[in-house]
Structures are given as C-alpha cells and as structure tokens.
Amino acid sequence: MARILMITYNTWVSDARSKRHAEALAQQGHSVDVICVATKVRGQRNGINVIWLPMPKYHGASRVGYLFSYLRFFALASVTAARLSLRQKYDLVIVCTMPDAAVLSALIPKLLGSKILLDIRDTMPELYRDKFDGRLGAAGARLLMLEERASAWLADRILAVHEPHAQRLVQSGIPREKIDVVLNSPNPEIFKPIGDLYGSPPKDDHFTLVFHGTVSRRLGIDTALYAIHELRDRIPQLRLRLLGTGDFWEAAQALCARLKLDDRVRFERQVPLEQLPAALSTVSAGLVPNPPSSATHLMLPVKLLEYAALGIPVITARLRTIEHFFPEDAVRYFEPGNVASLAAAIAELHDHPEYRARIVQRAGSIMTGLGWNAQRENLCDAVAALIKDAPIGDLPQPHTAPERPAR
Numbered sequence: 085m086a087r088i089l090m091i092t093y094n095t096w097v098s099d100a101r102s103k104r105h106a107e108a109l110a111q112q113g114h115s116v117d118v119i120c121v122a123t124k125v126r127g128q129r130n131g132i133n134v135i136w137l138p139m140p141k142y143h144g145a146s147r148v149g150y151l152f153s154y155l156r157f158f159a160l161a162s163v164t165a166a167r168l169s170l171r172q173k174y175d176l177v178i179v180c181t182m183p184d185a186a187v188l189s190a191l192i193p194k195l196l197g198s199k200i201l202l203d204i205r206d207t208m209p210e211l212y213r214d215k216f217d218g219r220l221g222a223a224g225a226r227l228l229m230l231e232e233r234a235s236a237w238l239a240d241r242i243l244a245v246h247e248p249h250a251q252r253l254v255q256s257g258i259p260r261e262k263i264d265v266v267l268n269s270p271n272p273e274i275f276k277p278i279g280d281l282y283g284s285p286p287k288d289d290h291f292t293l294v295f296h297g298t299v300s301r302r303l304g305i306d307t308a309l310y311a312i313h314e315l316r317d318r319i320p321q322l323r324l325r326l327l328g329t330g331d332f333w334e335a336a337q338a339l340c341a342r343l344k345l346d347d348r349v350r351f352e353r354q355v356p357l358e359q360l361p362a363a364l365s366t367v368s369a370g371l372v373p374n375p376p377s378s379a380t381h382l383m384l385p386v387k388l389l390e391y392a393a394l395g396i397p398v399i400t401a402r403l404r405t406i407e408h409f410f411p412e413d414a415v416r417y418f419e420p421g422n423v424a425s426l427a428a429a430i431a432e433l434h435d436h437p438e439y440r441a442r443i444v445q446r447a448g449s450i451m452t453g454l455g456w457n458a459q460r461e462n463l464c465d466a467v468a469a470l471i472k473d474a475p476i477g478d479l480p481q482p483h484t485a486p487e488r489p490a491r
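Residue numbers (my numbering): 85 to 491.
#1: Note down the Cα distance separating Ala392 from Arg316, rounded to an integer number of angstroms.
#2: Please identify the residue among Val265, Ala234, Asp264 whose C-alpha is closest to the C-alpha of Ser256.
#3: By the 10 Å Cβ neighbour count, where 16 or more other Cβ atoms means buried, how is Asn457 classified, buried or exposed?
#4: Rank Cys464, Pro411, Ala469 by C-alpha distance to the C-alpha of Ser449 and give the top, closest one.
#5: DSSP on Met90, reduced to helix/strand/coil?
#6: Could you tell me the alpha carbon to alpha carbon distance between Val245 and Tyr174, rounded to whole angstroms?
#7: How far does the alpha helix (DSSP H) with Arg104 in it reach, from first residue to last?
#8: On the three-pair Cβ rule with 8 Å, is the segment 401–420 touching the segment 334–344?
#9: Hey, how far is the Cα of Ala190 from the Cα of Glu107?
#10: Grouping DSSP H, G and I as helix and E and B as strand, with all else coil, what is Asn271?
#11: Answer with buried or exposed for Leu322, where buried requires no fewer than 16 other C-beta atoms within 10 angstroms of its C-beta.
#12: With three or more C-beta pairs closer than 8 Å as the rule, is the segment 177–196 touching the segment 207–219?
#13: Going by Cα to Cα distance, which pick from Asp346, Ser377, Pro375, Leu388 is closest to Leu364?
#14: Taking buried to mean at least 16 other C-beta atoms within 10 Å of its own C-beta, is Gln493 buried or exposed?
#15: Counting C-beta neighbours from all protein chains within 10 Å, is the total for Ala362 16 or more, i.e. buried, or is it exposed?
#16: Leaving out five residues on either side along the sequence, give the residues of the same chain with a beta carbon under 6 Å from the beta carbon of Arg101.
#17: Counting only runs of 3+ residues fully inside the segment 179–221, write out the beta strand (DSSP E) ranges in chain order.
#18: When you compare the CB positions of Pro373 and Gly304, do they come within less than 9 Å of one another, or not?
#19: Nearest by alpha-carbon distance to Cys464: which of Ile119, Arg129, Leu176 is it?
#20: Closer than 7 Å by C-beta to Met139: which residues in its own chain qualify, once you throw out the five before and the five after it? Chain order, please.
#21: At least one CB of chain D closer than 9 Å to the CB of Leu196: is that the case?
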C-alpha cells in the first residue's frame, strides 16, 4: 500500500476529522504519520504515528497573534515533513486547513515526488472578513482569496466538506473536477443514539442546553446567553453548558456575570472526542446559534451532525447550507442573530416534548444518508486516485514516536 503523511494545525485530541481520515486510511493498510500541534497524546494511536510540534494552537483575537502562530507552524511542520520525507518518501501528503497556506509545509515532500491532497475545511476569506471588520478586513479577505487559489494550484486534489462548499471553491476559480467532497460526518463507532449507548441515562431536573466546540462571538455565543437571560423567569430550570475553548471564553464569562447568569450557565473545558457522548448524555437540546454572515451561511457545523447522531434535538440558526441538508421538520430553526427568535425556539422545545421526539426521529433518518460509511468511501476513492502508482507490497514499519517533541 502507501505511506501517507497528514499535517494539521490542530491537536490530535480535538481534530475529529483528521482522526477519522487517518484511522480510515490506516484500516486500509496504509502507513499513516500525523504532524500536529502540541497535545499530550503522542506515539502510536490506532495504528497511526502521532508526531507533535512544540507549540500550541492560537485561540486569540489578534491578527499579529495568528500570523506569528501560523509562521511558527509553517517552519516547524516544514522541517519535520522534510526530515521524515528524506528518511523515506511519502506517496501522499494530506494537508488540513486552516490555514490554506499550510500546503507550503508539504513543498519538500512534493519536490521529492509526493502527491498533495489539500483538505479545505473552511473558507478563510469569509472567516477573516467576519472576524476582522472594516477596510483591513476586506483587504485581508481579498488576499486570502488569492492564497486559496494559489494553495489549490499547488495541491494535486482538493477535499471540500460539502457540495455548497465545493461550488464556492469553483466560483473562486478552482476546477470542479479537481474537488472531491467528504462531509464531516461523525464517527458512528462513537456517535450513536444515546439510548443505544447508555440505555436510559438519568435526566437531571433541569432543561439543559449545550454548545460544544469553539467558544467565539462569531459563532453566536452572545446571542445564546442573551436568550437564556430573556427566559430566566419563564423557565427557571433552564440551564446552558458551554464545552470548549476559544477567544470569547473570558468575555462570555464576563457577560454571564453582567447578566447575572452564573447560576444558569456552566463553563466546561473541552473533553476528548471519545468522551463527548457521555458528556452530552443528559442534555435536553443542542444549540447551533451561528449569526448570519458570508462564512456561516457556508457552514455545516459538525456539532449539529453530532447532536443529530446522538438523538439530541437541535435548535439552529436558519442558514443556507444547514437548510440545504436539514428540512423544517428535522430541527427547530430560529432567525440568526435574533435573541427573541432563539428564546421562542427554546421555549417551544421546553414546552413540547413530543415535538422534540419528532425532530429527533427525522434528523436521525437524515443522518443515515449523511453517514460516515459513505464519506469514508469518498475519501478512500480520492486517495486511491492519487496513489494508484504507489508500489503494492510490504508496508514499511512505522518509525518509533519521538521521546520529545519534534524540533
């Protein structure tokens, strides 16, 4: 089979998509190494050799902070990828964005004959425009559009996360025939209906909402907090759990204090992916409160798919890509950015348990068609097309994980 290197500006613990892809390829018999940012998990994991770089992922709100973190990652990942490639050539390097320019870290392997598969997970121009307002934001977005095209040109093939995303890449000048679609479907070995996993877990006495993942204003956390405040008297047992980390973490805590929600909102640090179903087993509904923007209209949030796979009813902002996959009877929509609309959606789910059961059943049937088995085939087909000339035979033994971080 083939030797494959994956490069991701993320931690192994938190990057569910990279883990699914790496494990699927390892199960096919490929030798898979993963270069990622600092994490306590290293060495062999399910047949995968995890090599961690001595740096964290940046979660701040500074342009300069992002730039320096990206440059540091490029330098460390490039040196590590070059060193590993010189030891024994890789047939394929999979570069996971963001940033798109991370593809440059695979330049030496490409010069040595490796194919490059660029996994574009988000549209950086739109995200940058959302995160940084004003003329500088617009100018930066234009530069990032050029970066996106250049990165795609350097890659042999592109992965998009859904068909609307693929069409957006085509609009930016990337040929459609160069793009394969692999949805961010949850791992079915981990995410299955909570009743199947735990029987009937005990429910607490509260109506508990949950949001897990990146805690950011651009993902609507402030809207969720204001909605909880609006309902505090109408639904005294209403609670919200925030699981994750992000640039809005401390600001969200300050907003909670100002709204006097300390007894209603619980902040919890991110848990490993494998522990997430247990952490969510007693919640009443999942929140996807993204505000309207050019970036969020292109998102199909992984948390939404995970809630649906677990059998948790979903309250989500009405955004184009989400509507593309989930009809009105599968989730409870609210108008994005509208506190009153979100509060009304929460109240309706609280008041009507039979409605919660209906949308859970409908969302579950939709997830059957969006499942990981089909997406795994798409991934393996894309990889097979790139490594079809790789020699078949005995796999090289994976090298021993370093006793210290890569330098």
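C-beta: ideal position from N, C-alpha, C; glycine also.
To lay it out plainly:
#1: Distance between the alpha carbons of Ala392 and Arg316 is about 26 Å.
#2: Minimum Cα distance to Ser256 is reached at Ala234.
#3: When all chains shown are included, Asn457 counts as exposed.
#4: Per the Cα distances, Pro411.
#5: Collapsing the DSSP output to three states places Met90 in a strand.
#6: Rounded to whole angstroms, Val245 to Tyr174 spans 25 Å at the Cα level.
#7: Taken as a continuous stretch (DSSP letters only), the alpha helix (DSSP H) holding Arg104 covers 100–111.
#8: Verdict: no, contact absent.
#9: C-alpha of Ala190 to C-alpha of Glu107: approximately 21 Å in a straight line.
#10: The answer is coil: DSSP assigns Asn271 none of H, G, I, E or B.
#11: Answer is buried; the Cβ neighbour count reaches 16.
#12: Taking 8 Å as the limit for Cβ pairs, the verdict is that the segment 177–196 does touch the segment 207–219.
#13: The shortest C-alpha separation from Leu364 is found at Leu388.
#14: Nothing about residue 493 can be reported from this structure: the residues present for the chain run from 85 to 491 only.
#15: Ala362 should be labelled exposed.
#16: Apart from the 5 residues on each side of it in sequence, Arg101 sits with its Cβ closer than 6 Å to the Cβ of Asn268 in its chain, given in chain order.
#17: Runs found: 199–203.
#18: It is a contact, given that the beta carbons lie within the stated cut-off.
#19: Comparing C-alpha distances from Cys464 to each of Ile119, Arg129, Leu176 shows the shortest one belongs to Leu176.
#20: Excluding positions up to five away in sequence, the list reads Val121, Ala122, Arg156, Phe157, Leu160.
#21: Among the protein chains of the structure shown there is no chain D, as only one such chain exists.
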